[in-house]
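Each residue of the sequence shown is one higher than the one before, starting from 25 at the first, in this note's numbering. All residues carry an ideal CB built from backbone N, CA and C; glycine is no exception. All of these numbers come straight from a predicted model, not from anything done at the bench.
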Amino acid sequence: MSVLNFSSIHLVLLSSLSVVDGYFGHYEMRCGFSSKDPHDVEFLIQVYGNKKLLVQYNSTTEECTVYTQWMKNFTETACKGPAFLAERREEMKKYCSSNVPVVYGYLLDKTVEPYIRLRSVEPFSTRHPAMLLCSAYGFYPKPIRVTWLRDGQEVTANVTSTEELANGDWTYQIHSHLEYTPTSGERITCMVEHFSLTEPKLYDWDPSLPKPERNKMVIGACGLLLGVVFIAAGLIYYRKKSTGEETQAILCQINQIPFKSKLRSVGANHGFTRKLWRHLMSNTTFPAACLQVVTYSGPCDR
């Protein structure tokens, strides 16, 4: 009698379950590995029927584990014998061992360092007056360890941490809370360990100013800086505008007197010499409203 393989089992289950219950069976092949070594691979074959795991083959033990009684007698023949084991070893080599270095190189060998943020938040309860939150963002791969230190000693009490949360772009984030009662002179540290870091990174909490006070200082500094900028811009604009209006007023006053006495009167009233006035008339761009005053075809030295 020929030895049945898992493909045959899959086909038998598919036919039987489709007719009787309207469900179908399927099997999965899984490759588990933790390094680039192709020999460090665990090959699993799992057979499902009616959405339940029926039997599983494990390459480490080279044995089948049955999860339903009615499959026991059937798999005792199918999961034993040299031919069956030879086929499973060939499948492991084809699907797992040959692909592990490629997958590991493209995915698991790449790391992204986490971005850490340590801040004070409102406590969950009234047991302690203060709470710190240490968050790690955008790291890869998934495994990470976030711990709290108090004066260099690890703290385990009053610590609440989330699981690694997927960001949807292959990176993860995690958050850890520490409820505590502040003590003068103590040092509280968030320690992060990850594959991307050559050594654990330590982030000390600075309690020199409460969070609201730090926010007020930042807002006040920004407001002061903006005020200085606006005042400086206003002074520059005022000075330019005042200078322009004064020049225009002096030149436009000429329109109030006859041109023959114009040069003499303006020179006397404003301290201009005849030579300087000629220079001003020939080198100054006058406002449009005063062009009719300073445009004169007659002699200017009378």
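Distance, Cα to Cα, residue i vs residue j?
i: GLU223; j: GLY176; result: 16 Å
i: SER159; j: TYR227; result: 11 Å
i: PHE219; j: TYR128; result: 14 Å
i: VAL216; j: ASP133; result: 20 Å
i: THR195; j: ARG169; result: 15 Å
i: GLY162; j: ARG143; result: 18 Å
i: ASP193; j: LEU259; result: 51 Å
i: GLN197; j: GLU188; result: 6 Å
i: MET95; j: HIS50; result: 15 Å
i: ASN74; j: CYS103; result: 21 Å
i: ARG151; j: SER232; result: 23 Å
i: THR21; j: LYS76; result: The structure shown does not extend to residue 21, since the chain is modelled only from 25 to 326, so the question has no answer here.
i: GLU52; j: LYS166; result: 24 Å
i: VAL145; j: CYS55; result: 43 Å
i: GLY105; j: VAL126; result: 32 Å
i: GLN80; j: THR186; result: 32 Å
i: GLU111; j: SER58; result: 24 Å
i: HIS199; j: LEU221; result: 18 Å
i: ALA181; j: ASN191; result: 29 Å
i: THR99; j: GLU114; result: 20 Å
i: LEU248; j: CYS214; result: 34 Å
Starting from residue i, trace the alpha helix (DSSP H) in both directions and tell me its first and last residue.
i: THR99; result: 96-102
Could you check what DSSP says for residue i in three-state terms: helix, strand or coil?
i: SER149; result: coil
i: LEU221; result: coil
i: SER285; result: Annotation note: pLDDT 42 at SER285 (below 50); position unreliable, no value reported.
i: ALA110; result: helix
i: LYS76; result: strand
i: GLY129; result: helix
i: THR207; result: coil
i: ALA256; result: helix
i: GLU137; result: coil
i: TRP172; result: strand
i: GLU115; result: helix
i: SER121; result: helix
Can you give me the start and stop residues for the beta strand (DSSP E) that residue i sits inside?
i: GLU87; result: 87-90
i: SER159; result: 154-163
i: GLU178; result: 177-179
i: TYR51; result: 49-57
i: SER185; result: 183-185
Would you kindly check if the distance between the Cβ of residue j and the Cβ of residue i is under 8 Å?
i: VAL136; j: TYR164; result: yes
i: PRO147; j: GLU203; result: yes
i: TRP229; j: ILE212; result: yes
i: ALA154; j: THR85; result: no
i: THR184; j: GLU178; result: no
i: SER2; j: PHE67; result: The displayed coordinates of the chain run from 25 to 326. Any statement about residue 2 would go beyond what the structure contains.
i: GLU210; j: ARG263; result: no
What whole-angstrom Cβ distance do residue i and residue j have, given they're in contact under 8 Å?
i: THR92; j: LEU78; result: 5 Å
i: HIS201; j: LEU131; result: In fact, because the Cβ distance is near 31 Å, the residues do not count as touching under 8 Å.
i: MET116; j: VAL65; result: 7 Å
i: LYS60; j: ILE140; result: Wrong, their Cβ atoms sit about 29 Å apart, outside the cutoff.
i: PRO62; j: SER149; result: PRO62 to SER149, Cβ: 51 Å. No contact.
Indicate whether at least one CB of chain C lies closer than 8 Å to the CB of residue i.
i: PRO62; result: Within the model displayed, chain C is absent; a lone protein chain is all it includes.
Hey, would you say the C-beta of residue i is under 7 Å away from at least one heavy atom of the ligand NAP?
i: PRO62; result: Absent from the structure shown: the ligand NAP. Ligands present: none.
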